[in-house]
Amino acid sequence: TVKTGAADMMTQTVVEKKKWNEIDIKRNLVFVVFGATYLGCFQWWIQVTQFRKWFPGMDRFANASMAEKLKDIPGMISAAKQVCFDVFIHLPFMY
């Protein structure tokens with residue numbers, strides 16, 4: 824929420840060269856709401872709640888040391904599947 828609002832504020836002031844009194848507050852609030860709802864709530868739901876159902880070993884693999892991860896072939900395959908789901912299914916339909 825703060826990050827998306829700050830990113831838009833920076834875009835308006837640095838890229839668009841607006842002065843502080845010229846900033847489009849309604850546009851900035853749209854970014855804040857987007858950050859809270861989609862980036863905050865929805866992505867948490869899909870990438871934590873749903874991924875735990877779809878990729879059961881996710882927490883174990885995430886909490887393993889790098890040395891353990893490098894030996895865990897099924898864990899690496901599951902992580903690759905998560906990335907593929909995000910890149911080829913989730914993101915194309917959301918953006």
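Going left to right, the sequence shown walks through residues 824 to 918 as the working numbering numbers them. Glycine residues also receive a C-beta, built at the ideal position from the N, C-alpha and C atoms.
Please confirm whether residue i and residue j have their CB atoms less than 8 Å apart.
{"i": "F865", "j": "G828", "result": "no"}
{"i": "F878", "j": "D895", "result": "no"}
{"i": "I869", "j": "H913", "result": "yes"}
Helix or strand or just coil, what does DSSP make of residue i?
{"i": "P915", "result": "helix"}
{"i": "P897", "result": "helix"}
{"i": "T834", "result": "helix"}
{"i": "T824", "result": "coil"}
My understanding is that residue i touches residue j, with C-beta atoms under 8 Å, so please give their C-beta distance in whole angstroms.
{"i": "N851", "j": "M832", "result": "6 Å"}
{"i": "M899", "j": "K892", "result": "7 Å"}
{"i": "G858", "j": "T836", "result": "That pair is no contact at about 18 Å."}
Whole beta strand (DSSP E) runs in the region 837 to 902 with 3 or more residues, listed along the chain? none
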